[in-house]
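Enquirer:
Number of protein chains: 2
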Amino acid sequence: MPQLQRAPRADNRLPLLLDEAARLFGTQGFHGTSIRDIVRAVNMLPGSIYYHFATKDLLLAAVYAEGVRRISDRVRAAFDARTDPWDRLEAACVAHLEALLAENNYARVVIRVQPADVPSVAPDLVAQRDGYERLFVDLIACLPVERSVDRRSLRLMLLGALNWTQTWYRPGRDDPRTIARRFVKLLRAPIAKE
Amino acid sequence: MPQLQRAPRADNRLPLLLDEAARLFGTQGFHGTSIRDIVRAVNMLPGSIYYHFATKDLLLAAVYAEGVRRISDRVRAAFDARTDPWDRLEAACVAHLEALLAENNYARVVIRVQPADVPSVAPDLVAQRDGYERLFVDLIACLPVERSVDRRSLRLMLLGALNWTQTWYRPGRDDPRTIARRFVKLLRAPIAKE
DNA sequence: ATAAAAGACAAACGTTTGTTTGTTCCAGTC
DNA sequence: GACTGGAACAAACAAACGTTTGTCTTTTAT
Numbered sequence: 001m002p003q004l005q006r007a008p009r010a011d012n013r014l015p016l017l018l019d020e021a022a023r024l025f026g027t028q029g030f031h032g033t034s035i036r037d038i039v040r041a042v043n044m045l046p047g048s049i050y051y052h053f054a055t056k057d058l059l060l061a062a063v064y065a066e067g068v069r070r071i072s073d074r075v076r077a078a079f080d081a082r083t084d085p086w087d088r089l090e091a092a093c094v095a096h097l098e099a100l101l102a103e104n105n106y107a108r109v110v111i112r113v114q115p116a117d118v119p120s121v122a123p124d125l126v127a128q129r130d131g132y133e134r135l136f137v138d139l140i141a142c143l144p145v146e147r148s149v150d151r152r153s154l155r156l157m158l159l160g161a162l163n164w165t166q167t168w169y170r171p172g173r174d175d176p177r178t179i180a181r182r183f184v185k186l187l188r189a190p191i192a193k194e
Numbered sequence: 195m196p197q198l199q200r201a202p203r204a205d206n207r208l209p210l211l212l213d214e215a216a217r218l219f220g221t222q223g224f225h226g227t228s229i230r231d232i233v234r235a236v237n238m239l240p241g242s243i244y245y246h247f248a249t250k251d252l253l254l255a256a257v258y259a260e261g262v263r264r265i266s267d268r269v270r271a272a273f274d275a276r277t278d279p280w281d282r283l284e285a286a287c288v289a290h291l292e293a294l295l296a297e298n299n300y301a302r303v304v305i306r307v308q309p310a311d312v313p314s315v316a317p318d319l320v321a322q323r324d325g326y327e328r329l330f331v332d333l334i335a336c337l338p339v340e341r342s343v344d345r346r347s348l349r350l351m352l353l354g355a356l357n358w359t360q361t362w363y364r365p366g367r368d369d370p371r372t373i374a375r376r377f378v379k380l381l382r383a384p385i386a387k388e
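Protein chains in written order, with the working numbering: chain A, 1 to 194; chain B, 195 to 388.
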């Protein structure tokens with residue numbers, strides 16, 4: 001582990017390493033990705049990773065944390081620009097899905113990797129994800145909805161539907177923005193025919 | 195592989211083996227489960243599994259197929275008993291979620307394991323899951339909804355939300371039946387306050 | 001210039017992985 | 001009761017796994 005008694009060197013490949021770990025953890029999952037898979041693309045040797053992280057589990061924890069940071073920033077920036085409660089929620093969903101499907105390997109990890117897959121850091125991961133989802137708790141708390149509506153279920157349904165897109169989404173057809181808007185609209189507007 | 199030139203023996207432990215594989219694949223995922231994990235609970239030796247299956251991938255394929263069969267039967271039986279389109283959809287969702295969360299390790303595998311995790315049999319798994327989801331295509335095709343509603347999005351949203359419950363559901367609180375009904379209601383009834 | 005720390009290499013460690021091979025045993029059939 | 005094939009055991013395989021250890025190089029601060 002780096003002691004950081006001095007500033008990190010300019011030529012260090014930790015960022016590249018994290019990028020590649022994010023890419024592989026996000027597409028192949030934690031157990032489906034080996035240390036050797038990760039270092040190969042960065043032209044490192046397997047052992048070299050242990051200068052930066054004590055275990056593979058902690059490497060994941062670092063990627064996961066970065067993922068939560070990025071998607072949080074992205075989503076917050078998106079809904080901060082709006083005022084209407086439904087607009088804010090929609091903007092958040094669009095940002096969430098764009099991060100998830102189009103642009104951000106780190107964000108993918110947060111959705112793909114289940115904390116239970118990595119017991120040694122599971123509580124940490126759960127706490128981080130809960131922190132992120134609190135953004136949506138607040139957004140949904142502000143919605144003007146009928147009193148009979150359970151807001152927790154609303155959140156779980158919406159986020160579940162969004163996160164599950166990772167399973168079936170293929171680039172080229174409908175883009176993430178369109179999908180997110182459709183989902184919000186399905187919840188907002190009356191569906192059943194009179 | 196068994197040649198089946200004679201009937202299988204009454205004392206063979208293949209059923210037990212499959213049950214345990216379903217349980218572990220469903221809770222720990224494919225890559226998170228080793229052959230030794232599986233045989234341990236059945237008091238077998240690792241090599242013995244290869245009398246029944248040529249590879250670990252094909253073992254998964256067998257469990258997956260059984261999972262699709264079971265959840266299909268369960269869901270079909272549930273909505274066959276109803277006539278109203280919305281009732282039928284709700285019954286299907288309840289059965290889907292009960293199979294997923296409460297009773298059926300095989301069904302869990304179908305939702306938990308991503309075909310991409312097992313390249314050698316991925317096309318087969320995808321085809322099977324598509325076959326199952328066609329049940330919902332038909333159910334949703336019968337719904338009386340506004341003409342502006344995209345039924346494909348409706349299906350993807352509903353199934354996504356249901357499947358994602360596997361991530362957050364913990365026994366003891368709301369039961370699967372309640373959750374499924376709430377989700378359907380959120381889609382069916384107008385939410386937004388006038 | 002020099003010392004110290006950053007960061008990676010080189011090579012191996014012990015373990016776990018999926019799988020193979022040869023043998024044994026017992027239930028079912030004639 | 002002998003034969004046979006279903007179903008498992010016993011033991012090992014090679015490869016891949018996460019990780020450790022010791023050494024070397026290169027950047028950075030003095």
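Virtual Cβ for every residue (Gly too), placed ideally from N, Cα, C.
Source: prediction; values computed, not measured.
Identify which residue in 224(B), 213(B), 206(B) and 205(B) has its Cα closest to the Cα of residue 309(B).
Expert: It is 224(B).
Enquirer: What does residue 161(A) reach in chain B if we use C-beta pairs closer than 8 Å?
Expert: Correct list: 350, 351, 352, 354, 355 and 358.
Enquirer: Which residue comes first and which comes last in the alpha helix (DSSP H) that contains residue 72(A)?
Expert: Per DSSP, residue 72(A) belongs to the alpha helix (DSSP H) from 56-80.
Enquirer: I'd like to know whether the C-beta of residue 183(A) is nearer than 9 Å to at least one C-beta of chain B.
Expert: So, interface residue.
Enquirer: Tell me the rounded alpha-carbon separation between residue 99(A) and residue 202(B).
Expert: So the alpha carbons of these two residues sit roughly 52 Å apart.
Enquirer: Along the chain, where does the alpha helix (DSSP H) containing residue 211(B) start, and where does it finish?
Expert: 208-222 is the span of the alpha helix (DSSP H), which, as asked, contains residue 211(B).
Enquirer: Could you tell me whether the Cβ atoms of residue 243(B) and residue 211(B) are closer together than 9 Å?
Expert: Closer than 9 Å, so yes.
Enquirer: Is there a Cβ of chain B sitting closer than 9 Å to that of residue 3(A), yes or no?
Expert: Residue confidence for residue 3(A) is low, a pLDDT of 44 falling below 50, so the modelled location carries little weight and cannot support an answer.
Enquirer: Alpha carbon to alpha carbon, how far is residue 350(B) from residue 380(B)? Give it in angstroms, no decimals.
Expert: Taking the straight line from one Cα to the other gives about 15 Å.
Enquirer: Have a look at 21(A), 70(A) and 104(A) and flag the residue whose alpha-carbon is nearest the alpha-carbon of residue 58(A).
Expert: Nearest of 21(A), 70(A) and 104(A) to residue 58(A), Cα basis: 21(A).
Enquirer: Which of the residues in the region 195-225 of chain B, read from start to end, lie with their CB under 9 Å from any CB of chain A?
Expert: Here the close residues are 221, 222, 223, 224 and 225.
Enquirer: Counting only C-beta atoms, is residue 249(B) closer than 9 Å to chain A at any point?
Expert: Judged by the 9 Å Cβ criterion, residue 249(B) is not in contact with chain A.
Enquirer: Are at least three pairs of beta-carbons, each pair with one atom in the region 359-372 of chain B and one in the region 331-346 of chain B, less than 8 Å apart?
Expert: Short answer: they don't touch.
Enquirer: Flag residue 311(B) as yes if its beta-carbon sits less than 9 Å from any beta-carbon of chain A, otherwise no.
Expert: Closer than 9 Å to some Cβ of chain A, the Cβ of residue 311(B) qualifies, so yes.
Enquirer: Counting only beta-carbon separations shorter than 9 Å, does residue 72(A) have a partner in chain B?
Expert: With 9 Å as the cut-off, residue 72(A) does not count as an interface residue toward chain B.
Enquirer: Is it the case that the region 256-275 of chain B contacts the region 298-309 of chain B, given that we only count it when at least three CB pairs across the two stretches are under 8 Å?
Expert: Cβ pair count under 8 Å is three or more, so yes.
Enquirer: Residue range of the alpha helix (DSSP H) that residue 39(A) falls in?
Expert: Taken as a continuous stretch (DSSP letters only), the alpha helix (DSSP H) holding residue 39(A) covers 35-40.
Enquirer: Could you list the residues in the region 141-155 of chain A with a C-beta less than 7 Å from some C-beta on chain B, going in chain order?
Expert: From the region 141-155 of chain A, only 144, 145, 146, 149, 150, 153 and 154 have a Cβ closer than 7 Å to chain B.
Enquirer: If the cut is a Cβ gap below 7 Å, which residues of chain A does residue 277(B) touch?
Expert: Correct list: empty, because the minimum Cβ distance to chain A is about 17 Å.
Enquirer: Rounding to the nearest angstrom, what Cα-Cα distance links residue 198(B) and residue 205(B) in this structure?
Expert: Low local confidence applies: a pLDDT of 46 at residue 198(B) is under 50, so the model's placement there is unreliable, with the coordinate-based value given in what follows. If you take the alpha carbons of residue 198(B) and residue 205(B), they lie about 15 Å apart.
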